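In our numbering, the protein residues as written are 2 to 284.
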């Protein structure tokens, strides 16, 4: 049995099938991990979600920001955004089944020496803390209060997590780290406006002392991750899979934006890629 981890699908089902074929993936014996953003922006969001759901016994998913957005729209607390490709899911006869499964998925998954998240883990969080914070959001999503969370999920403020935060503000702060973070300071203050390979500001004030701190990619800061442990993440297409930090592996290579879809085989430490255009394979 082999474990394969795929970057952001975003409705690009044919590229996923392309890399799985390259890897000789056996969906009866092998495991497929997905770093989140199964849906949206790409051409086949409904088919991609169905494909994953049908193989759910052999698939491990973490939620991404686009997956949460789909759930918020489905709960009637948010209108679709321009460019969304989720309408076919919302109109599908099996919508309730698909989304009932999706909302049960975690924000963080750890197996042995590997942890999978969508965007990252704050540099000032230990793995144990991160799991505890993820559990808080997951408990809300799986409860009858999920609509309250979705109503308050959107927003860049506060742009840091603090242990004293409570309620939906706390859950929003946690969710922003797991599903939207790219750049931050060592103390965990987030730059949530920069999406490219460089931050818009070189410094941000420390949340407690207000003294300026350097802004960098979250994985470049001193971290609390145990030695020999690795964080696998997506979300950041502008990196094009480039991440020199030994404890982090970037898998979003921008398939939906004309890049490629990347599949990583964990045990053999090797990659498979399918170049794409408009969410479809070029090969």
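C-beta atoms are modelled at their ideal positions from N, C-alpha and C, and glycine is treated no differently.
Being a predicted model, the structure only gives us computed values, none of them experimental.
- Message: By alpha-carbon positions, which one of 63, 95, 40 ends up nearest to residue 84?
- Response: 40
- Query: So, using beta-carbon positions, are residue 187 and residue 124 closer together than 8 Å?
  - Reply: yes
- For my contact list, residue 206 and residue 163 are in at a C-beta cut-off of 8 Å; report their separation, rounded to the angstrom. About 14 Å separates the two Cβ atoms, so there is no contact after all.
- Item | Length at least 3, wholly inside the segment 86-146: the beta strand (DSSP E) runs in chain order | 109-112, 115-118
- Message: Just list the residues that DSSP pairs residue 276 with in beta bridges.
- Response: 261
- Query: Counting along the chain, where does the beta strand (DSSP E) carrying residue 60 start and finish?
  - Reply: 60-62
- Pick out whichever of 257, 104, 215 has its Cα sitting closest to the Cα of residue 199. 215
- Task: Report the three-state DSSP secondary structure of residue 44 (helix, strand or coil).
- Result: coil
- Item | residue 78 and residue 91 closer than 8 Å at C-beta | no
- Message: Helix, strand or coil for residue 255? Go by DSSP, reduced to three states.
- Response: Residue 255: strand per DSSP, three-state reduction.
- Return the residue from the list 244, 111, 45 that minimises the CA-CA distance to residue 183. For residue 183, the closest of 244, 111, 45 by C-alpha to C-alpha distance is 244.
- Query: Secondary structure at residue 281, three-state DSSP: helix, strand or coil?
  - Reply: strand
- Check whether residue 60 and residue 35 have beta carbons under 8 Å apart: yes
- Task: Kindly identify the DSSP beta-bridge partner or partners of residue 7.
- Result: 35, 264
- Message: Considering only their Cβ atoms, is the gap separating residue 65 from residue 314 smaller than 8 Å?
- Response: With the chain covering 2 to 284 only, the question about residue 314 has no answer from this structure.
- Task: Indicate the three-state DSSP secondary structure (helix, strand or coil) for residue 68 in the structure shown.
- Result: helix
- Message: Between which two residues does the alpha helix (DSSP H) holding residue 173 run?
- Response: Where residue 173 is concerned, the enclosing alpha helix (DSSP H) starts and stops at 168-181.
- Item | Alpha carbon of residue 226 to alpha carbon of residue 7, nearest angstrom | 22 Å
- Among 96, 28, 72, nearest to residue 51 - alpha-carbon criterion: 96
- Task: Give the secondary structure of residue 193 by DSSP, where H, G and I count as helix, E and B as strand, and everything else as coil.
- Result: The DSSP-derived three-state label of residue 193 is coil.
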